[in-house]
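To keep things clear, I will list the structure first and then write my remarks on it.
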Amino acid sequence: MAKIEKFEDLEIWNKSREICIDIEHLFETTNLGKRYSLKDQMDRSSGSIMDNIAEGFERNGNREFINFLSFSKGSCGELKSQLYRSLDKKLISQNEFENVSLKVELVKNKIGAFMKYLNNCEMKGLKFNNNKQ
1 MAKIEKFEDL
11 EIWNKSREIC
21 IDIEHLFETT
31 NLGKRYSLKD
41 QMDRSSGSIM
51 DNIAEGFERN
61 GNREFINFLS
71 FSKGSCGELK
81 SQLYRSLDKK
91 LISQNEFENV
101 SLKVELVKNK
111 IGAFMKYLNN
121 CEMKGLKFNN
131 NKQ
């Protein structure tokens with residue numbers, strides 16, 4: 001396993017970034033871009049997924065990181081619900097819904113697996129390391 005030195009090294013952060021790009025593409029190419037309140041909610045929830053991963057990573061402790069990962073996981077659920085609302089309002093197509101929804105589900109599952117790993121990890125974070133530099 002490659003050494004993770006910064007949040008940009010995390011697959012879950014990179015996959016979350018891709019979701020934000022996909023959401024922005026929906027804003028630009030569908031009627032979703034004309035629905036300010038829903039667009040704003042989706043922009044915030046998609047950004048919250050990646051932002052909380054980054055913030056939790058920078059806390060340098062597993063317990064805090066897990067807490068922020070749980071926020072990210074919750075934002076996945078929020079975004080998926082907003083995708084359903086967009087589909088139901090016929091602002092996006094079934095194909096567009098499925099494309100982004102599958103990515104959100106994948107990230108949600110990877111976040112959950114990473115949380116489980118961190119819970120079972122012996123190293124509890126850099127701030128608990130006795131050999132701080």
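Heads up: the sequence shown begins at 1 in this note's numbering, then just goes up one per residue. All residues carry an ideal CB built from backbone N, CA and C; glycine is no exception.
For Arg-59, there is no enclosing alpha helix (DSSP H), since its DSSP letter is neither H nor E. For Cys-121, the three-state secondary structure derived from DSSP is coil.
In the three-state reduction of the DSSP assignment, Thr-30 falls in the coil class.
Taking 8 Å as the cut-off, the beta carbon of Leu-10 is found no closer than this to the beta carbon of Ile-49. By the 16-neighbour rule on beta-carbons within 10 angstroms, Asn-62 is buried. Inter-segment contact for the stretch 89-96 and the stretch 11-18 is absent: fewer than three beta-carbon pairs are separated by less than 8 Å.
For the set Phe-57, Thr-30, Leu-102, the Cα lying nearest the Cα of Leu-118 is the one of Phe-57.
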